[in-house]
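Visitor: Supplied in structure tokens, the structure appears directly below.
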Amino acid sequence: MIVSFFRNMRFGRKLIISYLIIAIIPLCVLGAYAYNNAVHSQRNQLSSNMLNMAERIATEFQYRLDRQINPIKSIVYNPNVIQAVQTSEFSYEQLNQVNDFLEPFIRNYIYYGNDIKKMVIYSEYSKEAFGDYILPAARVSKEYWYLQTRTTTGTQFWYEHENEILFATHEIYDVFKSKPIGVLYVRLNSEKIIEEVLKQDLAGNGFLMISDGKHPLFYVGSESNPEVPESAAPNEVRLALINGKRHMLTQLPLRNTQWTLHYGVSTENIEKSTRSILGVTLFVILICFAVITLFAALFFRTLVSGLKKLYNKMNLVEKTQDFTHVISSRSKDEVGQLTNRFGQLISQINNLIAEVYERRIAQKEAEFKALQAQIHPHFLYNTLSVINAKAIQGDLPEISDLVQHLSNFYRTSLNNGKNTIVIRDELMNAKAYIEIQLSRRQRSFTVDYYINEELVHYHTINLTIQPIVENAIEHGLDMKREGNGHLRLSLYEENDILVFAVEDNGPGIPNDKLENVLSEQSNGFGLQNVHNRIRSFFGEPYGVNITNHDQKGTTVTLRIPKAILISNN
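Taking this note's numbering, the leading residue of the sequence shown gets 136, the next gets one more, and so forth.
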């Protein structure tokens with residue numbers, strides 16, 4: 136349907152549509168590639184910036200947490216602290232030692248460390264409080280952070296979301312008894328450690344979050360009540376929905392904690408930027424499309440107008456049948472050359488018409504003159520009949536037979552002016568010719584006939600066998616130097632093809648002439664004319680074929696289709 140519609144479309148429209156399609160497709164592909172490449176580049180740049188910023192924030196936050204570890208270790212590994220923690224009841228001297236050493240030691244850290252707000256040691260041995268800094272572990276033994284601290288090594292950081300308290304814990308371990316004896320609890324200044332780090336310039340469309348995997352602990356950003364994003368591989372930027380909005384998100388785990396730093400940037404600015412890129416791309420495509428359309432119109436005007444003029448001139452010649460019109464073009468392109476060639480063709484046709492017309496007049500005059508000089512065939516036949524009768528009366532049978540053969544030969548050769556002949560009459564023509572030649576040559580050769588009588592009712596072209604027989608006698612048998620000559624004429628069927636075969640036992644055709652016998656360069660043997668007539672009438676697969684038998688004679692076969700013309704006789 137589409138192909139038929141396009142095939143029947145005007146050439147001008149077809150040209151414009153094809154031109155535009157060929158131009159638009161590359162433009163659209165190039166525009167889409169440029170747009171996608173720009174968007175991809177922007178996202179890659181934003182991803183790189185996000186990863187760098189998240190790494191910087193995580194490093195800063197981790198540094199502020201790590202600097203709390205040294206004072207904590209200096210306490211939990213202090214021998215005096217370990218001894219005080221293992222004491223269940225303090226003597227007066229030990230109590231003074233705690234008051235003179237432990238409390239000033241801890242108070243000094245709290246006073247000079249802006250990040251520390253409170254320190255408490257929970258002792259497994261104490262049953263009551265000793266001063267402000269040693270408390271019995273029974274008070275917090277069921278707290279999740281206490282239980283987990285006793286089963287892990289190193290400093291752990293915690294955040295109570297309900298009370299907004301940031302604190303660190305570290306077990307106090309007796310290496311001699313190989314068991315934990317207490318836990319150091321350090322409350323930290325979350326504003327100094329966390330909130331200052333999270334106060335970043337987020338350009339109004341991003342957020343920073345520290346979560347414990349389920350709940351947001353600290354958050355800075357434009358979104359209200361954000362949900363904790365699903366976990367993903369660290370150092371990877373992905374797309375995620377935060378409060379129903381698309382964000383590019385990355386996350387990093389924080390050491391010594393169960394926390395994760397989330398950094399997200401809304402894709403709103405990217406989408407605005409990509410829309411502007413898309414607008415610029417479309418604008419460039421439209422400009423290119425307008426330029427292409429302009430050139431297509433110019434191309435259409437120069438090409439199609441020339442073709443239209445040529446069409447009008449051809450239509451004029453067709454309608455008027457006047458071949459005297461002068462058709463030419465000053466254009467040097469292919470259309471101009473085509474117009475000039477058409478004008479030359481019209482001029483040649485006009486000359487040929489005049490030439491053919493003159494030839495027909497001359498031919499009619501020649502035919503008229505030939506008709507005046509023509510001897511009527513019946514006059515020839517009647518004359519031969521009189522000669523035959525005189526020969527019979529004079530008891531001259533050889534002359535009678537020769538006249539009879541000559542009469543049959545001319546009757547079948549003339550064939551009432553027809554181009555095709557029944558095979559039976561064509562064979563009669565050949566036999567009459569052979570008998571005449573036998574009389575001329577005093578029976579110097581013998582003849583055999585192998586004719587399939589079922590095939591003699593088909594038709595063939597007139598005078599095709601006689602030239603082959605003549606060629607076999609004159610160029611075959613007459614050239615034989617030793618022995619008697621022999622001629623064999625056959626007619627048989629081969630795969631629905633009628634085959635005439637004429638064989639002689641002459642010296643054969645010289646090899647240097649055999650290849651050119653049927654070609655246009657051949658000047659002899661009379662076979663070329665028969666071959667060309669057969670092919671012109673029946674087609675390429677048929678014609679004459681020659682086989683040389685190397686000093687033992689020649690076989691010439693003539694092939695014609697069996698089912699072409701069938702006689703009604």
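The beta-carbon is built from N, C-alpha and C at its ideal position, and this holds for glycine as well.
Does I481 pass the burial test, meaning 16 or more other C-beta atoms within 10 Å, or should it be called exposed?
Guide: Result: buried.
Visitor: Assuming R616 is part of the beta strand (DSSP E), what are its boundary residues?
Guide: Where R616 is concerned, there is no enclosing beta strand (DSSP E), given that its DSSP letter is neither H nor E.
Visitor: Is the beta carbon of F342 less than 8 Å from the beta carbon of P361?
Guide: Yes, the pair counts as a contact, with Cβ atoms nearer than the cut-off.
Visitor: Cα separation between N680 and S579?
Guide: Distance between the alpha carbons of N680 and S579 is about 27 Å.
Visitor: With burial defined as no fewer than 16 other Cβ atoms inside 10 Å of the residue's Cβ, what is the status of G289: buried or exposed?
Guide: Counting Cβ neighbours within 10 Å, G289 comes out exposed, since fewer than 16 surround it.
Visitor: Assuming I269 and S261 are in contact, meaning their beta carbons sit under 8 Å apart, how far apart are those beta carbons, in whole angstroms?
Guide: Rounded, the Cβ-Cβ distance is 6 Å, consistent with contact.
Visitor: I'd like the list of long-range same chain contacts for T689, defined as Cβ closer than 8 Å, with 5 residues on each side in sequence excluded.
Guide: Here the set comprises A607, G611, E638, D639, G641, G643, I644, I681, T682 and N683.
Visitor: Suppose the cutoff is 6 Å on Cβ atoms and the five residues either side in sequence are ignored; what does the same chain contact list for W280 look like?
Guide: Within the same chain, W280 has close Cβ partners W293 and T304.
Visitor: Can you find the residues in the same chain that come closer than 8 Å, C-beta to C-beta, to H350, ignoring five residues on each side of it along the sequence?
Guide: Counting only Cβ-Cβ distances below 8 Å, and skipping sequence neighbours, we find H296 and V363.
Visitor: Determine the direct distance from the alpha carbon of L590 to that of K553, and round the result to whole angstroms.
Guide: C-alpha separation (whole angstroms): 20 Å.
Visitor: Which whole-angstrom value is the C-beta distance of L633 and K697, which I expect to be below 8 Å?
Guide: Sure, about 5 Å apart at Cβ, within 8 Å.
Visitor: Determine the DSSP secondary structure at K504, reduced to helix, strand or coil.
Guide: Low local confidence applies: a pLDDT of 47 at K504 is under 50, so the model's placement there is unreliable, and no value is given.
Visitor: Could you tell me the alpha carbon to alpha carbon distance between R694 and L487, rounded to whole angstroms?
Guide: Between R694 and L487, the C-alpha separation is close to 37 Å.
Visitor: Quick check: what's the CA-CA separation for K208 versus L323?
Guide: Between K208 and L323, the C-alpha separation is close to 15 Å.
Visitor: How would you label M383, buried or exposed, when you count the other beta carbons within 10 angstroms and need 16 or more for buried?
Guide: Buried, by the Cβ-count rule.
Visitor: So, under 8 Å CB-CB, R274 and E306 are touching, yes? Tell me the CB distance rounded to an integer number of Å.
Guide: R274 to E306, Cβ: 16 Å. No contact.
Visitor: Tell me the DSSP secondary structure of R694 in three-state form.
Guide: Of the three classes helix, strand and coil, the one that applies to R694 here is strand, per DSSP.
Visitor: Could you please give me the residues that DSSP links to A158 through a beta bridge?
Guide: DSSP, once it has assigned bridges, lists no residue as partnering A158.
Visitor: With contact counted as at least three CB pairs below 8 Å, one residue from each stretch, are the region 372-389 and the region 163-174 in contact?
Guide: Verdict: no, contact absent.
Visitor: Is the region 203-220 touching the region 237-247 in the sense that three or more CB pairs, one from each, lie closer than 8 Å?
Guide: Short answer: they touch.
Visitor: Can you check DSSP and say which residues form a bridge with R381?
Guide: Its beta-bridge partners are L376.
Visitor: Cβ of S346 within 8 Å of Cβ of T395?
Guide: Contact: yes.
Visitor: If you count every other CB in all the chains shown that lies within 10 Å of the CB of T459, and 16 or more means buried, which is it?
Guide: Looking at its Cβ environment, which holds fewer than 16 other Cβ atoms inside 10 Å, T459 is exposed.
Visitor: Starting from the N-terminal side, write out each stretch of the beta strand (DSSP E) that is 3 residues or longer and does not extend beyond the region 562-631.
Guide: For the region 562-631, whole beta strand (DSSP E) runs of length 3 or above, ordered along the chain, are 580-586, 594-596 and 620-628.
Visitor: To the nearest angstrom, how far is the alpha carbon of I596 from that of D631?
Guide: So the two alpha carbons sit approximately 17 Å from each other.
Visitor: Going by beta carbon distance, what residues of the same chain come within less than 8 Å of N619, once the five residues before and after it are set aside?
Guide: S579, F580 and T581.
Visitor: Put Y320 into one of helix, strand or coil per three-state DSSP.
Guide: In the structure shown, Y320 sits in a strand (DSSP, three-state: E or B).
Visitor: Measuring straight from C-alpha to C-alpha, what distance separates E352 and L282?
Guide: Residue identity check: residue 352 is Leu in the sequence provided, not Glu. Approximately 21 Å between the Cα atoms of the pair.
Visitor: Going by DSSP, name the residue or residues bridged to W293.
Guide: F302.
Visitor: Could you give the residue range of the alpha helix (DSSP H) that holds H666?
Guide: Run containing H666: L662 to F673, per the alpha helix (DSSP H) assignment.
Visitor: So V318 and Y257 are in contact, right, with Cβ under 8 Å, and what is the actual spacing, rounded?
Guide: Confirmed, Cβ separation roughly 5 Å.
Visitor: With DSSP run on the structure shown, which of helix, strand or coil describes P676?
Guide: Correct three-state label for P676: coil.
Visitor: Check H350 in the structure and name its three-state DSSP category.
Guide: H350: coil per DSSP, three-state reduction.
Visitor: How many Å lie between F477 and I462 at the Cα?
Guide: Their backbone Cα atoms lie some 7 Å apart in a straight line.
Visitor: In the DSSP output, what is E650 paired with across the bridge?
Guide: In the DSSP output, where bridge partners are listed per residue, E650 has none listed.
Visitor: With DSSP as the reference, please indicate the residues paired to I556 in a beta bridge.
Guide: Its beta-bridge partners are T595.
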